[in-house]
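Sequence order for the protein chains is A and B. Residues 329 to 561 (my numbering) make up the first sequence, in order. Residues 3 to 429 (my numbering) make up the second sequence, in order. Heads up, the beta-carbon is just placed ideally off N, CA and C, and yes, glycines get one too.
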Amino acid sequence: MIQARDVVKTYVDGDGTQVRVLDGVSLDVAEGEFVAVVGSSGSGKSTLLHLLGGLDVDYRGDLRVGGVTLRGLGDKALARFRNTHVGFVFQSFHLIPNLSAVENVLLPSHFGAAPPDARARAEALLERVGLGTKKDRAPVRLSGGERQRVAIARALFGKPRLLLCDEPTGNLDAATGTGVIALFQELHREGLTVLCVTHEERMSAVAGRVLRLKDGQLVEERAGLQVATGGST
Amino acid sequence: MRLDALARLVRLSLARERKGAFFSSFGVAMGVGALVFFVGLGLGVGAVIREKIFPTDARLVDVVPPAVSLGSLLGGGTLDAPTVERLRALPGVEAAYRKMNVRVPAVTRYDGVFFGTRLRMGMEVLALGVEPALVRGDVQLGEFQDAGEGQPIPALVSTRLLELYNKTFAPARKLPQLSANMLVGFGFPVEFNRSYVAAASASGPSRPGQAQVVGASDRALLAGITIPLDAAVRLNRAFGVDAENYSGVTLVATDPSQVPVIVAAVKGMGLEIDDQERRMAENSGAAVALTTSALALLSLLICLLAAVNIAHALSASVRARAREIGVMQAVGASRADIRAIVLAEAAVVGLAGGAAGTTAALLLSLGVNRLAAGYLPDFPFKPDSFFSFPWPVVVGGVVLGLVAALAGAYFPSRRAAATDPARTLAG
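And the structure:
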């Protein structure tokens, strides 16, 4: 699903110093894997996620995601890639405040070929994440956990094969976070490839593989515990 | 990006920022409204000048003999029959119509009932003879030709003179308002070779005559009567004054574009062009155009300010929505999509402002016309409407609103499209 070779990402900070955020990262993720990427703040986890999702194209090295070589893709092709190949889940949910839950889920349909049953599919996804009765609520009227579930439903709308999650439980309390983790496990069991950047021990505990980044380099790779969670959708 | 999706996102965005959108739209409406109003006013007043005050035909060239001509000493510079034939033969000339003044003074003394009002007055009369074909379309009674000694002379009055009479002379003297139709058939005495202000120019006694109004014409002499050429020739002969040379010749060009060529040829013959009316029309038109342009420029400045306001509002909006834009990019929006959303928002604001401003200008013009009709005193050439709104002005107003808004949105849309989703979505 993911092949990364010698990926280097640098930027120039405010002092004019060149900072190497990712320093020759290479990794492979097979289809259907659940991979957790851990590391301290500033280790390059989120940067790696953005590169894999085609949000950042300024890098050196080679990236191939879902059979698509990202280097050289134009803006439209990259947008199409993000619309159909990957789904993003962010720590801060990033829902659009003046759209209802179902309209947030429908957002990807505005930028790609909208299926004829788009609304029905969005409602089914909300049902799937346990928010069928709250589909018309604005994000402000949803709890943190509910917002994250809406964000997950939105990430799944384009039927992606890869889910990229950036600290998805970072803003949730323990109980809510457990429910979200269980949802990811369920999606993984259904065949979705999940790559999750996290500080959350429980998240790395349910992953099949854990990668540790330090100072922009992959310093550790170990099998996850694949602990079953009690929570469920 | 599909149009329906774009429309939906724009609608949602504008609904959220309706206050800002309203003020942006209001700014556009002010500029567009002012522009459409002033342009409509300029066109309306210009049309009155062109069509009523100084009606000019772009194909007509009025030729007159030179005021001072050395050529006349050598036999040139006069408008005799051979010269008229040469003028008629000039390239680009379709027809030539001769004119001859009655070269003795004339007066009218009226003492009787004038359309229901007792009138007793005397005044000098200028008479100009013209070829019937020049004014044929304006003659409403009989043939425009000299019926001979002792018979009434057909006379055309100027439509502008009639307007001046109706708006100034008649109200001041409590005389009735007249239309051209009412005047047709009206007869009045004319005494030739007699003047109240100067000695008669020809020897011999004066001769009484009768003139009968047969219509009103834009081509008629402004301060006098226009009679058949044959009548003018006959009267001049009768008084022993020049009946061979014409006072002027009106040339009709085959096409307005031929006029400069004809003018050059006429001047080459030692003759002059009487373009006083045309110049007055042009000068008045230029004055109106200048005033309109100044006001239109002011309006355009308002539009420019509106565009700047839109630029500021959209820039602030784009900054505030950076994260939202990043989310759209994350779920599949391309840079072009983001640019399209911002531009479409501005387009809606601009179209709404343009349409509102244009509508307001049209309504305001109706109000002004109504006020003018009700409160302004009647004056010569007072139009029913001071405005003219041809469709390009109306459509142009709406389009200008659109263009101003899109111009204002240009840089904000580029800034929005350049949003770095990785940066805005971090954390």
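Please classify residue i as buried or exposed, where buried requires at least 16 other C-beta atoms within 10 Å of its C-beta.
i      : result
V34/B  : buried
L136/B : buried
G77/B  : Confidence in G77/B is poor, its pLDDT being 48 and thus under 50, which makes the residue's placement too unreliable to answer from.
T397/A : exposed
V508/A : buried
I330/A : buried
R105/B : buried
P67/B  : buried
E133/B : buried
E381/B : Going by the sequence as given, residue 381/B is Phe instead of Glu. Looking at its Cβ environment, which holds fewer than 16 other Cβ atoms inside 10 Å, F381/B is exposed.
N183/B : exposed
P258/B : exposed
P107/B : buried
V340/A : exposed
V344/B : buried
Y112/B : exposed
E495/A : buried
R281/B : exposed
R449/A : buried
Nearest by alpha-carbon distance to residue i: which of the options is it?
i      : options                           : result
Y99/B  : G328/B, P230/B and D277/B         : P230/B
L520/A : L380/A, G344/A and L491/A         : L491/A
P81/B  : K101/B, V63/B, H314/B and P93/B   : Sequence inspection shows Leu at residue 81/B; the Pro mentioned does not correspond to that position. It is K101/B.
L300/A : V335/A, V347/A, A429/A and G344/A : In the structure displayed, chain A extends from 329 to 561; residue 300/A sits before or after that span and is not available.
K404/A : V525/A, V385/A and G389/A         : V385/A
V115/B : F188/B, P68/B, L427/B and I227/B  : F188/B
G226/B : S181/B, V251/B and R162/B         : R162/B
V290/B : M3/B, D6/B and I51/B              : I51/B
S319/B : M32/B, V261/B and R20/B           : R20/B
S197/B : G42/B, A374/B, V261/B and G124/B  : G124/B
V268/B : R111/B, D257/B, A313/B and G250/B : G250/B
S390/B : V370/B, E87/B, A324/B and E246/B  : V370/B
N411/A : N499/A, S437/A and F512/A         : S437/A
L434/A : F418/A, A452/A and L515/A         : A452/A
E514/A : D501/A, G498/A and V534/A         : V534/A
L128/B : A234/B, G48/B and G206/B          : A234/B
P392/B : L11/B, T85/B, V12/B and L45/B     : L45/B
Q147/B : A418/B, V329/B, V216/B and D64/B  : V216/B
E549/A : L401/A, V363/A and R333/A         : V363/A
R325/B : G544/A, G486/A, V522/A and S420/A : S420/A
G370/A : V347/A, G389/A, A450/A and L383/A : V347/A
S219/B : V38/B, F171/B, Q212/B and L185/B  : L185/B
R239/B : N195/B, L253/B and P262/B         : N195/B
Could you have a look at residue i and say whether DSSP puts it in helix, strand or coil?
i      : result
G531/A : First, the amino acid is wrong: residue 531/A is Met here, not Gly. If DSSP states are grouped into helix, strand and coil, M531/A belongs with the helices.
I312/B : helix
G486/A : coil
A419/B : helix
Y387/A : coil
R280/B : helix
Y248/B : coil
I330/A : strand
E133/B : coil
V95/B  : strand
I424/A : coil
L45/B  : helix
T80/B  : coil
D6/B   : helix
S74/B  : Since pLDDT at S74/B reaches only 49, below the 50 mark, its modelled position is unreliable, and no value is offered.
F416/A : strand
V12/B  : helix
E548/A : strand
M102/B : strand
M330/B : helix
A446/A : helix
S354/A : strand
D543/A : coil
Alpha helix (DSSP H) runs contained entirely in the region 338-369 of chain B, provided each spans 4 or more residues: Qualifying alpha helix (DSSP H) stretches: none in this window.
Within 8 Å of chain A by C-beta, residues of the region 321-340 of chain B in sequence order: Cβ contacts with chain A: R325, E326, G328, V329, M330, Q331, A332, V333, G334, A335, S336, R337, A338 and D339.
Contact residues within the region 432-453 of chain A, judged by C-beta distance below 8 Å to chain B: Residues L435, P436, S437, H438, F439, G440 and A442.
Interface positions of the region 391-406 of chain A facing chain B (Cβ-Cβ less than 7 Å), listed along the chain: Among the residues of the region 391-406 of chain A, those with a Cβ less than 7 Å away from any Cβ of chain B are D403 and K404, in the order of the chain.
Length-filtered (3 minimum) beta strand (DSSP E) runs lying within the region 181-244 of chain B: Entirely contained in the region 181-244 of chain B, the beta strand (DSSP E) runs reaching 3 residues are, in chain order, 189-194, 209-219 and 227-230.
Interfacial residues, the region 531-542 of chain A to chain B, with Cβ spacing under 9 Å: Answer set for the region 531-542 of chain A: empty.
Ranges of the beta strand (DSSP E) found wholly within the region 131-173 of chain B, counting only runs of at least 3: 155-160, all fully within the region 131-173 of chain B.
Contact list for the region 374-385 of chain B against chain A, Cβ threshold 7 Å: From the region 374-385 of chain B, no residue has a Cβ closer than 7 Å to chain A.
Chain-ordered residues of the region 343-367 of chain B with a beta carbon less than 8 Å from chain A: Result list empty, no residue passes.
Contact set between the region 401-420 of chain B and chain A, restricted to residues whose Cβ is under 7 Å from the partner: Residues: none.
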